[in-house]
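*Asks:*
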Amino acid sequence: MAKTSAVEKNKRRERLSTLHAAKRAALKGIIMDRSLPVEERFEATLKLAQLPRNGAKNRVRLRCELTGRPRGNYRKFKLSRNMLRELGYKLEDRLIMVCHDTPEFIYTFCGAIKIGAVPIPVNTMMQSSDYEYFLNNSRAKGLVIHEDLWEQLEPARERFAFLEHVIVIYESANKVLEGTLSYHQLIQRAAKELTAAPTNKDDAAFWLFSSGSTGEPKGVIHLQHDMEYALNTYAKQVLEMNEHDRCLSASKLYFAYGLGGGMYFPLGSGASTVLIKERPLPETMFQAIE
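Under the numbering used here, the residue at position 62 of the sequence shown is numbered 62, and the numbers go up by one with no gaps.
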């Protein structure tokens, strides 16, 4: 893991870069403008040289925001992505996600797909018997779950036939209950380098369970190309989403609509997403909008 000093140094450079960004851009504009007198351009060059070196954008390094590592990170998420691979997950190993709408949801979902594993996000408001069905029906090897949700589910663990790992997103970085693994501690120990799994467009990428209105819920398999098609044909062509947009989805990420509108539509378009951990009650959503 990187030294704390390296992480803090990078943060100072980010602040310095933001502080001097407008002035630096204005001076560069003068320097590059060949219609201006040479004396004026030269003076701008001297002023640019006087600005702090660490205020230059290229002095800021992409680092994992949890571990400080400078390699093996998702550029958009700034998070290390090797946690699952180091636990032995491989192509088409399935992973149930009982996660609130938080950054950890996105890290886990994208990281699993990157190594060829198959994430399966499920509703966070179900009963223990429902989770037992999801885990046993999918034969999931792992479970990633928020601490408050695991407290409700833990008594039923004996009934999860194929489960090997329970990875809990604890509120405290130092807390680890017996029989579980700490999500954030695993992230901190993850390796720096990662080679993506050799998947193709027709391999399974993730599952979403149906609502079960016509019987037991069914695991609907989505392929590696599905998100790309939806992003390019709907988000970009119909919604015309771009880097200036900000998205807030009332539908949670474990629903297909929320997964698109709250995650891969905005991130795939360069837009921003607003994540609401709580239930999307009217007052909660109006407060987030304001």
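We put the CB at the ideal spot given by N, CA and C, even for glycine.
Computed from a prediction, not measured in an experiment: that's the story for all the values here.
Among the candidates Pro280, Ile120, Met241 and Tyr229, whose CA atom is the shortest distance from the CA of Ala140?
*Replies:* Translated into the one-based positions of the sequence shown, residue 140 becomes position 140. Taking only the C-alpha atoms, the option nearest Ala140 is Ile120.
*Asks:* On the DSSP bridge assignment, give the partners of Cys247 in chain order.
*Replies:* The residue you call residue 247 lines up with position 247 of the sequence shown. Answer by DSSP bridge pairing, in chain order: Thr273.
*Asks:* Please work out which residues of its chain come closer than 6 Å, Cβ to Cβ, to Ala250, disregarding the five sequence neighbours upstream and downstream, and give them in chain order.
*Replies:* Indexing the sequence shown from 1 puts residue 250 at position 250. Pro280 and Met285, listed in sequence order.
*Asks:* Taking only the alpha-carbon atoms, compute the straight-line gap between Lys28 and Leu48 and give it to the nearest angstrom.
*Replies:* Your numbering for residue 28 matches position 28 in the sequence shown. Your numbering for residue 48 matches position 48 in the sequence shown. Rounded to the nearest angstrom, the two C-alpha atoms are 8 Å apart.
*Asks:* Could you give the uninterrupted runs of the alpha helix (DSSP H) lying entirely in the segment 202-240, keeping only those of 4 residues or more?
*Replies:* Here the runs fully enclosed are 226-230.
*Asks:* Nearest to Lys375 by alpha carbon, out of Ala117, Glu216 and Gly261?
*Replies:* Here the chain covers residues 1 to 290 and nothing more, so residue 375 does not appear.
*Asks:* Going by the beta-carbon positions, is the gap between Lys201 and Leu231 smaller than 8 Å?
*Replies:* For this step, residue 201 is matched to residue 201 along the sequence shown. For this step, residue 231 is matched to residue 231 along the sequence shown. It is not a contact, given that the beta carbons lie outside the stated cut-off.
*Asks:* Using a 10 Å radius around the Cβ and a threshold of 16 neighbouring Cβ atoms, would you call Val168 buried or exposed?
*Replies:* One-based indexing of the sequence shown puts residue 168 at position 168. Looking at its Cβ environment, which holds 16 or more other Cβ atoms inside 10 Å, Val168 is buried.
*Asks:* Between the alpha carbons of His20 and His244, how many angstroms are there, rounded?
*Replies:* Taking the first residue of the sequence shown as 1, we reach residue 20 at position 20. Taking the first residue of the sequence shown as 1, we reach residue 244 at position 244. Roughly 22 Å between the two C-alpha positions.
*Asks:* Taking the straight line between their C-alpha atoms, what separation do you get for Leu153 and Ser128?
*Replies:* The residue you call residue 153 lines up with position 153 of the sequence shown. The residue you call residue 128 lines up with position 128 of the sequence shown. Approximately 6 Å between the Cα atoms of the pair.
*Asks:* Between the alpha carbons of Thr18 and Ala44, how many angstroms are there, rounded?
*Replies:* In the sequence shown, counting from the first residue as 1, residue 18 sits at position 18. In the sequence shown, counting from the first residue as 1, residue 44 sits at position 44. Looking at the two C-alpha atoms, the distance is approximately 20 Å.
*Asks:* Which first and last residues belong to the alpha helix (DSSP H) in which His184 is found?
*Replies:* Working through the sequence shown from its first residue, we reach residue 184 at position 184. His184 -> alpha helix (DSSP H) spans Tyr183 to Arg189.
*Asks:* Taking buried to mean at least 16 other C-beta atoms within 10 Å of its own C-beta, is Met32 buried or exposed?
*Replies:* Working through the sequence shown from its first residue, we reach residue 32 at position 32. The residue in question, Met32, is exposed, as its Cβ has fewer than 16 Cβ neighbours within 10 Å.
*Asks:* Could you check whether Ala288 and Leu248 sit closer than 8 Å to each other, using their CB atoms as the reference points?
*Replies:* Reading the sequence shown from its first residue, position 248 is the one you call residue 248. Reading the sequence shown from its first residue, position 288 is the one you call residue 288. Yes, these two residues count as a Cβ contact at 8 Å.
*Asks:* List the endpoints of the continuous alpha helix (DSSP H) containing Met83.
*Replies:* Counting from one through the sequence shown, the residue named residue 83 turns up at place 83. Looking at the DSSP string, the run of the alpha helix (DSSP H) that includes Met83 is Met83 to Glu86.
*Asks:* Can you tell me which of the three DSSP states Leu51 falls into?
*Replies:* If you number the sequence shown from 1, residue 51 lands on position 51. Leu51: coil per DSSP, three-state reduction.
*Asks:* Would you mind reading off the limits of the beta strand (DSSP E) that contains Leu95?
*Replies:* Looking up residue 95 in the sequence shown gives position 95. Arg94 to Val98 is the span of the beta strand (DSSP E), which, as asked, contains Leu95.
*Asks:* Where does Pro198 fall in DSSP's three states?
*Replies:* By one-based count along the sequence shown, residue 198 stands at place 198. In the structure shown, Pro198 sits in coil (DSSP, three-state: anything other than H, G, I, E or B).
*Asks:* Give me the Cβ distance between Arg246 and Ser213, rounded to the nearest whole Å; I'm assuming they're in contact under 8 Å.
*Replies:* The sequence position of residue 246 within the sequence shown is 246, counting from 1. The sequence position of residue 213 within the sequence shown is 213, counting from 1. At roughly 33 Å, the Cβ-Cβ gap does not stay under 8 Å, so Arg246 and Ser213 are not in contact.
*Asks:* Just mark Asn242 as buried or exposed, buried being the case when its beta carbon has 16 or more other beta carbons within 10 Å.
*Replies:* Here residue 242 is taken as the residue at index 242 of the sequence shown, counted from 1. Burial call: exposed.
*Asks:* If we count the other Cβ atoms within 10 Å of its Cβ and call it buried at 16 or more, is Arg13 buried or exposed?
*Replies:* Sequence index remark: in the sequence shown, residue 13 carries index 13 (1-based). Buried, since its Cβ has 16 or more Cβ neighbours within 10 Å.
*Asks:* From Glu178 to Ala25, what distance separates their C-alpha atoms?
*Replies:* Residue mapping note: residue 178 aligns to position 178 of the sequence shown, counting from 1. Residue mapping note: residue 25 aligns to position 25 of the sequence shown, counting from 1. Spanning the two alpha carbons is a distance of roughly 54 Å.
*Asks:* Nearest to Leu51 by alpha carbon, out of Lys23, Phe42 and Thr233?
*Replies:* Within the sequence shown, numbered from 1, the residue matching residue 51 stands at position 51. It is Lys23.
*Asks:* Looking at Gly219 and Asn137, is the spacing between their C-beta atoms short of 8 Å?
*Replies:* Within the sequence shown, residue 137 is the residue found at index 137, counting from 1. Within the sequence shown, residue 219 is the residue found at index 219, counting from 1. Yes, these two residues count as a Cβ contact at 8 Å.
*Asks:* Going by CA-CA distance only, name the one from Ala197, Ser210 and Glu216 that's closest to Tyr257.
*Replies:* Taking the sequence shown and counting its residues from 1, one reaches residue 257 at position 257. Among Ala197, Ser210 and Glu216, the Cα nearest to that of Tyr257 belongs to Ser210.
*Asks:* Glu171 and Glu151 - do their beta-carbons sit closer together than 8 Å?
*Replies:* As a first step, residue 151 must be located in the sequence shown, where it is residue number 151. As a first step, residue 171 must be located in the sequence shown, where it is residue number 171. Taking 8 Å as the Cβ cut-off, Glu151 and Glu171 do not qualify as a contacting pair.
*Asks:* Across which residues does DSSP place Pro121 in a beta bridge pair?
*Replies:* For the purposes of this step, residue 121 is taken as residue 121 along the sequence shown, with counting starting at 1. Met97, per the DSSP bridge assignment.
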